[in-house]
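Chemist: Each number in my numbering comes from the position in the sequence shown (counting from 1) with 1116 added on. Note that the Cβ used here is the ideal one computed from N, Cα and C, for glycine as well. Structure incoming, see below.
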Amino acid sequence: MSGKYHLPKATSAVSSYHLVVTPVSADWATDFEYLPPESEALISSAQGGLFALPSARTERSSLSARYGPKEDVPVELRGAGACSRQVNNSCLPGTFEAEQPLVCEVLTPGGNWSSYPPHKHDEARPGVEPELEEIHCFQVYGSPERPIDVLAEIRSGDTVPIPHGWHGPSIAAPGYDLYHLDVMAGPGQDRARLICDDPAHGWVRATWASQDVDDRPPFGEN
């Protein structure tokens, strides 16, 4: 995500906001605006850029539009060893109140794995696993001189995120950091972000306790 955007009026209760979304190669964090159902907003940008509009269906509408500055986004270091990664918990339970969507940014250092062990979240099991669909929007790091955008055509036999079943990992090639915007939402009334590890590979998570966290994240501080 990158660029500067102006929201002159999101709803009658919201004033004007300037969103400054920094490029992935800078400090790896973005600010955001939350709009409740049936909101109207005009987004403009003088120089253009790249921004995302994640959304989720809901029949609830008890929250007002709010601005989420990147300075307030909690940064979490997950995993250890080759599974170390940075997660910017932008819009998750306990970090930012929302009706339905669960949104975070995942930054995987070159050579590391994220979204691992394989896991799923397609059954409503209170306290264990919610029914959630998930979308990953990937951005590959290039350089200011030679930016890169990757579009992969999926064919039979390729691996691709699906709305149910076991999925993961996302792997960053050595020497190339990987970013993906992670968006999840489901029909349940409880806005919970829980996963169920694949029993065949869940043991990997227990090995992190004896490993050091990769010292490359958090990005922008090294």
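Per DSSP, which one or two residues make a beta bridge with I1287?
Modeler: W1229
Chemist: Determine the burial state of A1181: buried for a count of at least 16 other Cβ atoms within 10 Å of its Cβ, exposed for fewer.
Modeler: buried
Chemist: Using a Cβ-Cβ cutoff of less than 6 Å, which residues in the same chain neighbour P1285 once the five nearest sequence positions on both sides are dropped?
Modeler: W1229, S1231, Y1232
Chemist: Hey, G1165 and Q1327: beta-carbon distance below 8 Å or not?
Modeler: Not closer than 8 Å, so no.
Chemist: By Cβ distance, which residues of its chain are closer than 6 Å to M1300, with the 5 residues on each side in sequence left out?
Modeler: L1218, L1248, E1250
Chemist: Taking only three categories from DSSP, how would you classify V1189?
Modeler: coil
Chemist: For the pair the stretch 1237 to 1244 and the stretch 1305 to 1313, tell me if three or more CB-CB distances fall below 8 Å.
Modeler: yes
Chemist: Roughly how many angstroms separate the alpha carbons of I1159 and F1167, rounded to a whole number?
Modeler: In a straight line, the C-alpha of I1159 is about 10 Å away from that of F1167.
Chemist: What do you reckon, are the CB atoms on E1221 and L1294 nearer than 8 Å?
Modeler: no
Chemist: Going by DSSP, what residue range makes up the beta strand (DSSP E) through V1320?
Modeler: Segment 1319 to 1322 is the alpha helix (DSSP H) holding V1320; no beta strand (DSSP E) there.
Chemist: Between K1186 and the rest of its own chain, which residues show a CB-CB distance below 7 Å, the 5 nearest in sequence each way excluded?
Modeler: Once the five neighbours on either side are set aside, the close Cβ partners of K1186 are A1145, T1146, D1147.
Chemist: Quick one: Cα of G1281 to Cα of G1302, how far?
Modeler: 14 Å
Chemist: Which first and last residues belong to the beta strand (DSSP E) in which H1296 is found?
Modeler: 1294 to 1301
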